[in-house]
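Reading through the structure tokens given below for one structure.
Residue numbers (this note's numbering): 18 to 193.
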């Protein structure tokens, strides 16, 4: 996969603006430079990540229904909003429907493959949500994630994801 110049456009844009400001005698603080360069790098990284995830094959081999083992039919592509540690954006993935008229099952194999089924939050974001929420209130976790990662995530979403992760951990402990 060739990466085009568009994938580093934010870094280039910020770098040019920064150099112009410095040459004009307007020197920002080191902290401002770091924060803005990080923001630019994250935006560029998000573009690359979303492109890679959109181009990733939805499944390997034949797609069979997990409920009745019938063949699944590709209905077409659907987009999905994704919130990653690099930022927000949309990916494209294929929507499959079971060919068995009695079954009516449907799925997005790419969502299952990427561990984003029934959620817009990537595993990395969910981990950060659970970790920050375990150390403080959900509201404080929301504020911390905004400050450290630049992501706006509602306290209610952090609470919901944290509870889901707790339930998964409890289930894993019971199986041991």
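Beta carbons are placed, not taken as given, at the ideal position from N, Cα and C, and that holds for glycine.
Same chain, Cβ closer than 7 angstroms to residue i, neighbours up to 5 away in sequence not counted
i, result
"residue 38", "45"
"residue 86", "none"
"residue 178", "138, 143, 146 and 147"
"residue 169", "163"
Continuous beta strand (DSSP E) stretch holding residue i: start and end
i, result
"residue 113", "104 to 115"
"residue 100", "89 to 101"
Inter-residue Cα distance where the pair is residue i and residue j
i, j, result
"residue 62", "residue 118", "42 angstroms"
"residue 180", "residue 43", "47 angstroms"
"residue 92", "residue 115", "10 angstroms"
"residue 164", "residue 54", "15 angstroms"
"residue 111", "residue 72", "11 angstroms"
"residue 88", "residue 69", "27 angstroms"
"residue 77", "residue 130", "10 angstroms"
"residue 174", "residue 41", "44 angstroms"
"residue 96", "residue 136", "13 angstroms"
Cβ-heavy atom distance, residue i to the ligand MG, below 8 angstroms
i, result
"residue 50", "With respect to small molecules bound, the structure shown includes none, and the ligand MG cannot be examined in it."
Buried versus exposed, by CB contacts within 10 Å (16 or more), residue i
i, result
"residue 126", "buried"
"residue 183", "exposed"
"residue 104", "buried"
Host alpha helix (DSSP H) of residue i (start-end)
i, result
"residue 84", "Element bounds for residue 84: n/a, residue is neither H nor E."
"residue 158", "155 to 166"
Sequence-distant residues of its chain with Cβ nearer than 6 angstroms to residue i (five each side left out)
i, result
"residue 122", "82, 84 and 115"
"residue 197", "Only positions 18 to 193 of the chain appear in the structure, and residue 197 is not among them; the question remains open."
"residue 172", "155, 156 and 159"
Every unbroken alpha helix (DSSP H) inside the segment 22 to 46 [4 residues or more]: 26 to 40
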